[in-house]
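A.B. asks: Sharing a structure here in structure tokens format.
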DNA sequence: GATTCGAGTTGACAGCGGTTAACATTTCGA
DNA sequence: TCGAAATGTTAACCGCTGTCAACTCGAATC
């Protein structure tokens, strides 16, 4: 259930009604599973449910969701930084690990990973008090040609895409420059490191960056 | 269920019928829970069950049990050696961790902990192929007065006792000498480090040692 | 505005893992 | 040896989390 909560938070359940289908999709479960979980969580005061509309976190649910997100992202950072997992490998294991981690284990993973502020994908890690600093970033597809930027988050789940992006050097902290764009949601050409690569629009949209003023 | 399997192995289920009560006691669950699990595991070919007698591991069950024991003990070693847990704190967390750990995570914890051969309590860790080297040790209560020995395993579960023993320096690898024994299962006096302590018979019986020839 | 289709909900089922209560068996002592 | 006590088993229940099927609701289209 911690995972449901975390996923709901990630989907923006703090500010809007998240429909069961979307939630289920993100969790990799059937729609009825998500719908019924909404019921359970409503009974526990974690979400408010508007029938046929979706679920939205209550303030209690937000707190718990942040805990879950923190546990998950710290687990991911820990697996990658301490145990040497690749960023494409850590996700599932981090799910299971985040679910069984109590306060103590979370604290220790945090320390062992060097108190990271971002998970390996660049998502910010809530602090122990539930504080969360949202990066001032935007999708790569917002940038104009010529713009320089730094990769902030790589909001991709798919293994193969993650491997590909890592090979290209498109990881958080990487500097890049938009070298070209095709119109009508066409592919984006990006200089990164001393190479260049072409990203389909859908993929480029999942890469969030912080503009560099220069 | 991995935990049931591991516990059954630990209780000697390889060589004897382990009665439900003993199993349940070790798992901290009710007797019916253990009994029913025996049924499930029998259906899966993991144990042979003799009604009202107990359950014994099949060769398949032995393999799986060893996997569970390996995962658990490596998790314990990992928590203590890498994350800085105290040996009295690691057990519960290691249970949960061992349960969710797949091959990959076990491998990585093994490497991160420095390929330990014993868990923090001194219990041997099966290797990845299911090989297990049993130490040639015996309960402290077997020794005669004056005998020197090295602590091999501390087969104690209780938190407070573990803390006490650690304070006394009675941990695996520690050298000791039996300084005195009272008759009729009376307490045992032990020199360890440059101190001395007195252990009740029941506690002393849980401390397994390897004789030193000198 | 009626209809239809997509999406959400609810119900029935399954399996795990826990409980207590009722029943069966084994064992031990009078 | 027989009966009581201790121990093991089974049944019934609960809650979680998953499924599929059937139903219901809302929205979009004609």
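Chains as they are written, first to last, in our numbering: chain P, 231 to 444; chain L, 231 to 444.
For every residue, glycine included, the Cβ atom is placed at its ideal position computed from N, Cα and C.
(1) Are the C-beta of residue 393 of chain P and some C-beta of chain L separated by less than 7 Å?
(2) Of the choices P:306, P:302, P:339, whose alpha-carbon is the least far from that of residue 313 of chain L?
(3) Under 8 Å Cβ-Cβ, which residues of chain L neighbour residue 312 of chain P?
(4) What does a CB cutoff of less than 7 Å around residue 251 of chain L pick up in its chain, not counting 5 residues either side in sequence?
(5) Please classify residue 282 of chain P as buried or exposed, where buried requires at least 16 other C-beta atoms within 10 Å of its C-beta.
(6) Compute the distance between the beta-carbons of residue 446 of chain L and residue 392 of chain L, then report whether it is under 7 Å.
(7) Buried or exposed, going by whether 16 or more other CB atoms sit within 10 Å of the CB of residue 239 of chain L?
(8) Measure from the alpha carbon of residue 234 of chain P to the alpha carbon of each residue in P:245, P:443, P:270, then state which is nearest.
(9) What in chain P is Cβ-close to residue 326 of chain L, meaning under 7 Å?
(10) Whose C-beta lies closer than 7 Å to the C-beta of residue 440 of chain P among residues of the same chain, with five residues either side of it excluded?
(11) I need the straight-line Cα distance from residue 342 of chain P to residue 300 of chain P, nearest angstrom please.
(12) Check the DSSP bridge columns for residue 299 of chain P and list the partner residues they point to.
(13) Is it right to say residue 267 of chain L is buried, meaning 16 or more other beta carbons lie within 10 angstroms of its own, or is it exposed?
(14) Let's see if you can read the secondary structure: which residues bound the alpha helix (DSSP H) around residue 343 of chain L?
(15) Under the rule that 16 or more other beta-carbon atoms within 10 Å means buried, what is residue 249 of chain P, buried or exposed?
(16) With DSSP as the reference, please indicate the residues paired to residue 427 of chain P in a beta bridge.
(17) Name the chain P residues that come within less than 7 Å of residue 335 of chain L, Cβ to Cβ?
(18) Between residue 236 of chain P and residue 336 of chain L, what straight-line distance do the alpha-carbon atoms span, to the nearest angstrom?
(19) If you draw a straight line from the C-alpha of residue 425 of chain P to the C-alpha of residue 389 of chain L, how long is it?
(20) Just list the beta strand (DSSP E) runs in the stretch 247-304 of chain L, keeping only unbroken ones of 3 residues or longer that don't cross its boundaries, in chain order.
(21) Could you spell out the range, first to last residue, of the beta strand (DSSP E) harbouring residue 407 of chain L?
(22) Report yes or no: is there a C-beta of chain L within less than 7 Å of the C-beta of residue 338 of chain P?
(23) Identify the continuous alpha helix (DSSP H) that holds residue 326 of chain L and give its terminal residues.
(24) Could you give the first and the last residue of the continuous alpha helix (DSSP H) run that contains residue 232 of chain L?
(25) On the CB-based measure, 16 or more other CB atoms within 10 Å of its CB, does residue 363 of chain P come out buried or exposed?
(26) Can you tell me whether residue 397 of chain P is buried or exposed, with buried defined as 16 or more other CB within 10 angstroms of its CB?
(27) Use the C-beta contact count for residue 420 of chain L: other C-beta atoms within 10 angstroms, 16 or more gives buried, fewer gives exposed.
(28) Which residues does DSSP list as the beta-bridge partners of residue 438 of chain P?
(29) Skipping 5 residues on each side, what residues in its chain have a beta carbon closer than 7 Å to that of residue 324 of chain P?
(30) Assign residue 280 of chain P to buried or exposed, taking buried as 16 or more other Cβ atoms, counted over all protein chains shown, within 10 Å of its Cβ.
(31) Just curious, the alpha helix (DSSP H) that residue 315 of chain P is in, first and last residue?
(32) Under DSSP, the alpha helix (DSSP H) around residue 390 of chain L begins and ends at which residues?
C.D. replies: On the basis of the coordinates in this document:
(1) In terms of beta-carbon proximity, residue 393 of chain P stays away from the interface with chain L, with every pair separated by 7 Å or more.
(2) P:339
(3) 312, 342
(4) Closer than 7 Å at the Cβ level, and outside the excluded window around residue 251 of chain L, lie 261.
(5) exposed
(6) Absent from the model: residue 446 of chain L. The displayed extent of chain L is 231 to 444, so no value can be given.
(7) buried
(8) P:270
(9) Ordered by position in chain P, the residues that pass the 7 Å Cβ test against residue 326 of chain L are 330.
(10) 365, 366, 367, 379, 380, 382
(11) 15 Å
(12) Partner(s): none; residue 299 of chain P has no beta bridge.
(13) Label assigned to residue 267 of chain L: buried.
(14) Element bounds for residue 343 of chain L: n/a, residue is neither H nor E.
(15) buried
(16) DSSP, once it has assigned bridges, lists P:420 as partnering residue 427 of chain P.
(17) 323
(18) 26 Å
(19) 57 Å
(20) 277-280, 284-287
(21) 405-411
(22) Using a Cβ-Cβ cut-off of 7 Å, residue 338 of chain P counts as an interface residue toward chain L, since at least one Cβ of chain L sits closer than that to its own.
(23) According to the DSSP assignment, residue 326 of chain L belongs to the alpha helix (DSSP H) that extends over 320-330.
(24) 232-240
(25) Its Cβ having fewer than 16 others within 10 Å, residue 363 of chain P is exposed.
(26) exposed
(27) buried
(28) P:369, P:383
(29) Excluding positions up to five away in sequence, the list reads 302, 305, 306, 309.
(30) exposed
(31) Premise fails: residue 315 of chain P is in no alpha helix (DSSP H) and is neither H nor E.
(32) Per DSSP, residue 390 of chain L is one residue of the alpha helix (DSSP H) stretching across 389-398.
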